[in-house]
Amino acid sequence: MSGTQSLSHRELELLGALRRLGGSARSADLAKALDVSEETVRRTVKALSKAGAVLRVHGGAHLVGAQSEPSFYHRFGQDSAVKQRIAAQVSRIVRDGMTVFLDVGSTTAYVAEALQRNSNLTVVTNSIGVAQALASHNGNRVHLLGGEMQSNERGTFGYVAEHQARRFVFDVAVLSADALTAKHGVLYQNAGEAQLATVVADCAECTVLALAHPKFDETAPHRGPSLGKLDRIVSDKAPGKKLTAALAGHGIGIDIAKDGSGEDGK
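This is the structure:
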């Protein structure tokens with residue numbers, strides 16, 4: 013776009029809100045930040061998208077050129093129906109009053125939405141989005157871990173986050189991952205994410221890994237929790253025979269989130 017002179021006041025306000033939120037935001041968060049309706053946000057985002065200032069993604073917007081890596085909201089918008097089914101399945105594990113950890117994964121963001129129906133949760137997270145979704149809901153207490161902010165993940169990582177996480181005992185820890193293998197366990201592209209996941213799994217009574225089936229038997233460079241630290245896998249399809257046997261050998265349950273017709277999700 014040639015500049016900002018042709019943009020309306022509302023459009024400039026929305027761009028400012030996107031910058032304050034790290035370059036990406038969901039429509040609900042933008043509506044709250046600007047004190048307008050989500051419909052107003054959607055119309056404004058549509059106009060900015062035509063002007064080339066933002067990229068429209070499912071449920072939100074992303075500043076063009078804001079980040080060199082795929083943003084959280086790109087990932088959030090991918091396979092949303094599958095992630096919603098997985099999230100609904102995960103949410104059935106959580107009961108009112110529990111202490112729950114949720115990480116920065118895009119599937120975990122859907123879990124946070126599903127948990128808005130619960131009450132009196134103690135939620136610990138390194139995700140800005142999860143904290144925003146669950147704070148001030150139904151008596152929840154939300155703890156956002158400190159540490160180094162990574163804007164592409166909209167979350168915190170590093171020594172401070174890990175140290176603070178160790179001060180909790182989690183009834184349920186919900187983790188995401190970039191890959192899951194029979195040999196190496198849970199794998200991540202991000203070293204900080206792998207280390208924090210390992211710490212959290214050590215502090216949890218029940219560790220749930222929520223991930224879509226394409227991540228089975230994929231690869232990534234950084235090792236997170238071993239299979240022995242997992243209690244349940246929630247996915248849209250069952251893994252292959254080798255991984256299924258490895259999970260069974262560690263006593264790990266596999267929950268398959270199905271679509272409304274009762275068929276396994278694609």
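Just so we're aligned, residue 13 is where the sequence shown starts under my numbering, counting upward by one. Ideal placement from N, C-alpha and C gives every residue a C-beta, glycine not left out.
| query | result |
| --- | --- |
| Please check the pair R166 and S139, which I expect to be a contact at CB under 8 Å, by giving their CB distance rounded to whole angstroms. | 6 Å |
| Let me know if V181 comes out buried or exposed under the rule of 16 or more other beta-carbons within 10 Å of its beta-carbon. | exposed |
| In three-state terms, what does DSSP make of R32? | helix |
| From the DSSP output, which residues share a beta bridge with D267? | V246 |
| Can you give the Cα-Cα distance for H149 and K44, rounded to whole angstroms? | 15 Å |
| Can you tell me where the alpha helix (DSSP H) with A257 in it begins and where it stops? | K253 to G261 |
| Given a cut-off of 8 Å, decide if T52 and E23 are closer than it, judged by their beta-carbon atoms. | no |
| Which class does T119 belong to by DSSP, given the choice of helix, strand or coil? | helix |
| Take L156 as the anchor and find which of V112, L255, G28 and V48 has the nearest alpha-carbon. | V112 |
| Are V184 and C215 closer than 8 Å when you measure CB to CB? | no |
| When the Cα of D243 is compared with those of L75, H196 and A260, which residue comes out closest? | A260 |
| Where are the alpha helix (DSSP H) runs, 4 residues long or more, that stay fully inside the stretch 166-198, in chain order? | 171-177 |
| In the DSSP assignment, find the beta strand (DSSP E) that holds V112 and state where it starts and stops. | T111 to L114 |
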